[in-house]
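Student: Before I ask anything, here is the structure I am working with.
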Amino acid sequence: MKIWVASQDLADVLSDLPKESPDDPPEIECAVYDGRGALPGPPEEVEIWVPPLIPVPDTPGLLGRMTGLRLLQTVTAGVEAYLPHVPEHAMLCNARGVHDAGTAEWIVGAAIAVLREFPGFAAAQARREWTYHHTGVLDGATVLIVGYGSIGEAVERRLAGFEVDVVRVARTARENVHGEDELPALLPSADVVVLLVPVTAGTVGMVDARFLARMRDGAVLVNAARGTVVDTDALVAELESGRLRAALDVTSPEPLPPDHPLWTAPGAFITPHVAGSTPASVRRTRELVRAQVIRYVTGERLANMITDHY
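Here the working numbering is used: the first residue of the sequence shown is 1, the next is one more, and so on.
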């Protein structure tokens, strides 16, 4: 069995897998491919592929050559780079849960940073200026979580001590969770709008000028989903007007070009897609990949299987 993984770290955790049976141990050949340089071998022979965080060059073409692929295990929750191109003979599994802690922590921290104006105070510190004034506060706010899944649940747990009102929205309504069709009515009452939706045909560009116009004056948009979910030009217009503020870990385009107006838009706090880049995510990625390969080898049901949507 040939496996390609994104790093030596992942190869190491697969080096001592338990035997399928005492007399018939799985023969595993693990190679590292991080998307740079030459392929480590014939793609046709790969049975399990764990690609890196950033999709490799020509992902569709590479998948087209993987005629022996049976399991594609991503290290991200989002699978939009792979979903349209996975061969019919392969299973696609995502990393749901791996990045929950880091992303949820970033969301809460970023929202507080914008509400309490930490970026402005940091800039004033660099200028050695004492700029005393009142700021906003998270206490008593209404936080609208759009795309309420495992990360949304992690965000809500971390908000528990802040005395906020959490409003949950998912693709379809369920108990205590609103459906997406209710968003227009919910947006005007939210102080913080958190985006956690996956990239699908229905979510690309969903945060457009009309969506933003429904947000209340002074509200904060927090995007930890994907940059393509937001109409960047529409967001820049709202930021430059001073009506809205934003905390963005993802942008469109990404990386953001140095001359892009979003960099200097007032009220924008931008980080370079680092919400899930933490030791906790690294540890949980190792645990997930090892557990998934063991499940595959022993014929158990895989976790986080993706079908027609996610």
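No residue lacks a Cβ here, since even glycine has one placed at the ideal position from N, Cα and C.
Would ARG296 and ILE145 be called neighbours here (beta carbons separated by less than 8 Å)?
Tutor: Numbered from 1 along the sequence shown, position 296 holds the residue referred to as residue 296. Numbered from 1 along the sequence shown, position 145 holds the residue referred to as residue 145. Checking the sequence, you will find Tyr at residue 296 rather than Arg. Against a cut-off of 8 Å, the Cβ pair of ILE145 and TYR296 comes out as no contact.
Student: Taking the Cβ atom as the reference point for each residue, do PRO261 and VAL236 lie within a distance shorter than 8 Å?
Tutor: The residue you call residue 261 lines up with position 261 of the sequence shown. The residue you call residue 236 lines up with position 236 of the sequence shown. The answer is yes: Cβ separation under 8 Å.
Student: Quick one: what's got a C-beta closer than 7 Å to GLY311's C-beta in the same chain, skipping five residues either side?
Tutor: Look at the range of the chain in this structure, 1 to 310, and you will see that residue 311 is not part of it.
Student: Taking Cβ positions, are GLY193 and VAL222 nearer each other than 8 Å?
Tutor: Here residue 193 refers to the residue found at position 193 when the sequence shown is read from its first residue. Here residue 222 refers to the residue found at position 222 when the sequence shown is read from its first residue. Reading off the sequence, residue 193 comes out as Val, not Gly. In contact: VAL193 and VAL222 (Cβ atoms closer than 8 Å).
Student: Quick check: what's the CA-CA separation for VAL274 versus ALA280?
Tutor: For the purposes of this step, residue 274 is taken as residue 274 along the sequence shown, with counting starting at 1. For the purposes of this step, residue 280 is taken as residue 280 along the sequence shown, with counting starting at 1. Distance between the alpha carbons of VAL274 and ALA280: 13 Å.
Student: I'd like the ranges of any alpha helix (DSSP H) spanning at least 4 consecutive residues and lying wholly in the region 233-300.
Tutor: With a minimum length of 4 residues, the continuous alpha helix (DSSP H) runs that stay inside the region 233-300 are 279-298.
Student: When you compare only the Cα positions, how much space is there between ALA341 and PRO42?
Tutor: With the chain covering only 1 through 310, there is no way to say anything about residue 341.
Student: Look up ILE48 in the DSSP assignment and say whether it is helix, strand or coil.
Tutor: The residue given as residue 48 occupies position 48 in the sequence shown. Here ILE48 sits in strand by DSSP.
Student: Mind checking which residues open and close the alpha helix (DSSP H) that includes VAL114?
Tutor: Numbered from 1 along the sequence shown, position 114 holds the residue referred to as residue 114. First-last of the alpha helix (DSSP H) with VAL114: 100-115.
Student: Shortest alpha-carbon distance to LEU239 belongs to which of ALA225, PRO257, ILE270?
Tutor: By 1-based counting over the sequence shown, the position of residue 239 is 239. Comparing Cα-Cα distances from LEU239 to each of ALA225, PRO257, ILE270, the minimum goes to ILE270.
Student: Taking 8 Å as the limit between beta carbons, can you name the residues of its chain near ALA111, skipping five residues before and five after?
Tutor: If you number the sequence shown from 1, residue 111 lands on position 111. Taken in chain order, the residues that qualify are LEU138, VAL143, VAL192, VAL194, VAL220, VAL222, ALA247.
Student: Pop quiz: VAL75 and VAL56 are said to be a contact at Cβ under 8 Å. What is the actual Cβ separation, rounded to whole angstroms?
Tutor: What you label residue 75 is simply residue 75 of the sequence shown in a count that begins at 1. What you label residue 56 is simply residue 56 of the sequence shown in a count that begins at 1. Their Cβ separation, rounded to whole angstroms, is 12 Å, which puts VAL75 and VAL56 out of contact at 8 Å.
Student: Quick one: what does DSSP say GLU156 is sitting in, helix, strand or coil?
Tutor: Residue 156 sits at position 156 when you count from the first residue of the sequence shown. Of the three classes helix, strand and coil, the one that applies to GLU156 here is helix, per DSSP.
Student: Counting C-beta neighbours from all protein chains within 10 Å, is the total for THR172 16 or more, i.e. buried, or is it exposed?
Tutor: What you label residue 172 is simply residue 172 of the sequence shown in a count that begins at 1. Exposed is the call here.
Student: Pick from LEU71, GLY109, VAL79, VAL250: whose alpha carbon is nearest that of ARG96?
Tutor: Looking up residue 96 in the sequence shown gives position 96. Of LEU71, GLY109, VAL79, VAL250, the residue nearest in Cα terms is VAL79.
Student: On the DSSP bridge assignment, give the partners of VAL167 in chain order.
Tutor: As a first step, residue 167 must be located in the sequence shown, where it is residue number 167. LEU144, per the DSSP bridge assignment.
Student: Taking DSSP as the reference, what is the three-state secondary structure of GLU175?
Tutor: Counted from its first residue, the sequence shown places residue 175 at position 175. Coil, per DSSP.
Student: How about GLU294 and LEU62: do their beta carbons lie closer than 8 Å?
Tutor: Within the sequence shown, residue 294 is the residue found at index 294, counting from 1. Within the sequence shown, residue 62 is the residue found at index 62, counting from 1. Rather than Glu, the amino acid found at residue 294 in this sequence is Ile. Contact: no.
Student: Per DSSP, which one or two residues make a beta bridge with VAL222?
Tutor: As a working mapping, residue 222 is identified with position 222 in the sequence shown. Paired residues: VAL194, ALA247.
Student: Does the distance from the C-beta atom of THR251 to that of GLY227 stay below 8 Å?
Tutor: In the sequence shown, residue 251 corresponds to position 251, counting from 1. In the sequence shown, residue 227 corresponds to position 227, counting from 1. Yes; because the gap between Cβ atoms is below 8 Å, this pair is in contact.
Student: Nearest by alpha-carbon distance to ALA190: which of VAL164, VAL177, ILE54 is it?
Tutor: Stepping through the sequence shown from its first residue, residue 190 is reached at position 190. Among VAL164, VAL177, ILE54, the Cα nearest to that of ALA190 belongs to VAL164.
Student: Where ASP109 and ILE54 are concerned, what is the direct C-alpha to C-alpha distance, given to the nearest angstrom?
Tutor: For the purposes of this step, residue 109 is taken as residue 109 along the sequence shown, with counting starting at 1. For the purposes of this step, residue 54 is taken as residue 54 along the sequence shown, with counting starting at 1. According to the sequence shown, residue 109 is Gly rather than Asp. Distance between the alpha carbons of GLY109 and ILE54: 24 Å.
Student: For ARG354 versus LEU10, is the C-beta spacing smaller than 8 Å?
Tutor: There is no way to answer for residue 354, as the model of the chain reaches only from 1 to 310.
Student: From PRO266 to ALA234, what distance separates their C-alpha atoms?
Tutor: What you label residue 266 is simply residue 266 of the sequence shown in a count that begins at 1. What you label residue 234 is simply residue 234 of the sequence shown in a count that begins at 1. Between PRO266 and ALA234, the C-alpha separation is close to 14 Å.
Student: Who are the near neighbours of GLU117 in its chain, counting only those whose CB is closer than 7 Å to its CB and skipping five residues on each side?
Tutor: As a working mapping, residue 117 is identified with position 117 in the sequence shown. Cβ within range, chain order: THR135.
Student: Checking the sheet assignment: what are the DSSP bridge partners for VAL5?
Tutor: Start at 1 with the first residue of the sequence shown, and residue 5 comes out as number 5. Paired residue(s): VAL32.
Student: Count the other CB atoms, across all protein chains shown, that sit within 10 Å of the CB of MET66; report buried if there are 16 or more and exposed otherwise.
Tutor: Here residue 66 corresponds to residue number 66 of the sequence shown, with the count starting at 1. MET66 comes out buried.
Student: Return the residue from the list SER150, ALA224, ALA213 that minimises the CA-CA distance to ASP100.
Tutor: The count along the sequence shown starts at 1 and reaches residue 100 at position 100. Answer by Cα proximity: SER150.
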